[in-house]
Amino acid sequence: MSEGLVVGIDLGATNLRAALGDLEHGIVRVIKERTTSSGSSEDLINQLIEIVKMVVSEKLDEIEAIGIGSIGPLDVKRGVLVRSANARFRNVPIVERLSREFKIPVYMLNDCTAAALGEKVFGAAKKLSNFVYVGIGTGIGGGVFVDGRLLLGKDGNAAEIGHMTIDLGDGLPCGCGGRGHWEAYCSGSGIPSFVKSWIISRRLEDLKNPLIDMAMRGEMTSKHLFDYAKAGDELALKIVEEIGRINAICFANLINLFDPELITVGGSIALKNPDLILDPIKRHVGRYVINRLPEIRLTPLGEDIVLYGAIALALKKIRI
Ligand SMILES: [Zn+2]
676 MSEGLVVGID LGATNLRAAL GDLEHGIVRV IKERTTSSGS SEDLINQLIE
726 IVKMVVSEKL DEIEAIGIGS IGPLDVKRGV LVRSANARFR NVPIVERLSR
776 EFKIPVYMLN DCTAAALGEK VFGAAKKLSN FVYVGIGTGI GGGVFVDGRL
826 LLGKDGNAAE IGHMTIDLGD GLPCGCGGRG HWEAYCSGSG IPSFVKSWII
876 SRRLEDLKNP LIDMAMRGEM TSKHLFDYAK AGDELALKIV EEIGRINAIC
926 FANLINLFDP ELITVGGSIA LKNPDLILDP IKRHVGRYVI NRLPEIRLTP
976 LGEDIVLYGA IALALKKIRI
């Protein structure tokens, strides 16, 4: 078990963040960049090496380990980013290349699995053995503790919850290439097409409404939807409620599967619109569960939760 300085990395499709941290302070220093969009393994590895050097600066000799929470799917045993739903990387041997460069142990988990570890070591789940973390951002991901064990699965992808199928018909296309997945309806990247399909299915496309115009022209972002809802726009509020009902169905699936005491929620969409995301889930979830309801709340670790998890992973605070 390490008590010293470590580096945590949050490798996302859009942003790459690295933190210097320890058990006492959690995060000491953070650097954030755009993740390279070249799709090249070499570019990504070089960017990772450079950001580690930058965040540790003069303390390079004191770093004991590196923990990484990464977009997936991964092969955690080989430490490889196999591919990514929302970025173009394929088979990147991250752990091997970073441990060769820095000559210290390097550990990697799926980003939302790492986030659950962060919740356990630094966040709202310190005393809990059964809880779920759900990240609702560009995509939707999860991390699950059952009976005090972090669920990993055979390749480390045990909680790819955003890709559970919720539509048996010809559902909306997902970033992973599949159809009808939760993420295609309720994530930042999925909401614009969901709104468009919702409008069309109700034959509202010719109604005079700026949100409908934007959605039909393909110019609406999830931010537009939530801004309109915050301003009290009735149509936006209706759509947000329907997104909440779909989220509630998926939360109920998680509750029925894992019987958690707590579900914490993070990710940019939830963190920026906490009431509009959480209230409808709480309103609808009871209709879909058979298990006793858990507490559902926003994570106290905010946008840094994956970094906290990566630091906890490097510190080896939980046996994995
Ligand atoms: Zn998918």
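The opening residue of the sequence shown carries number 676 in the working numbering; numbering runs sequentially from there.
Even glycine gets a Cβ: it sits at the ideal position worked out from N, Cα and C.
Opposing strand residues paired with S745 [DSSP bridges]
L686, N785
From which residue to which residue does the alpha helix (DSSP H) around F926 run?
909-933
Quick one: is the Cβ of C851 within less than 6 Å of any heavy atom of ligand 1?
yes
Here's the rule: buried if 16 or more other CB atoms are within 10 angstroms of the residue's CB, otherwise exposed. What is G852?
exposed
Should H899 be listed as close to ligand 1, given that the test is whether its C-beta is under 6 Å from any heavy atom?
no
Quick check on the burial criterion: 16 or more other C-beta atoms within 10 angstroms. Buried or exposed for T710?
buried
Going by C-alpha to C-alpha distance, which of E725, V940, L784, E776 sits closest to I749?
The amino acid occupying residue 749 in the given sequence is Leu; Ile does not appear at that position. The residue with the shortest Cα to Cα distance from L749 is L784.
Roughly how many whole angstroms lie between the Cα atoms of R692 and Y808?
20 Å
In or out: H959 buried (at least 16 other Cβ within 10 Å) or exposed?
buried
Alpha helix (DSSP H) segment containing N721, residue limits
716-731
With respect to 6 Å, is the separation between the Cβ of H838 and the closest non-hydrogen atom of ligand 1 below this value?
yes
Comparing the CB of H856 with every heavy atom of ligand 1, is any distance shorter than 6 Å?
yes
In whole angstroms, what separates the C-alpha of A790 from that of V682?
15 Å
Per-residue burial, M729 [other beta carbons within 10 Å of its own, 16 or more giving buried]:
exposed
Best match in G984, I993, R994 for proximity to T788 [C-alpha to C-alpha]
G984
Could you give the DSSP three-state label for I779: helix, strand or coil?
coil
Would you say the segment 884-898 touches the segment 923-939, given that touching needs at least three Cβ pairs under 8 Å?
no
Determine the contact status of I938 and K957, defining contact as a CB-CB distance below 7 Å.
no
With DSSP collapsed to three states, give me the class of S677.
For S677, the predicted model reports a pLDDT of 46, less than 50, meaning its position is unreliable; a value from the coordinates is still stated below. Here S677 sits in coil by DSSP.
Per-residue DSSP class, three states only, for F901
helix
So for A693, helix, strand or coil by DSSP?
strand
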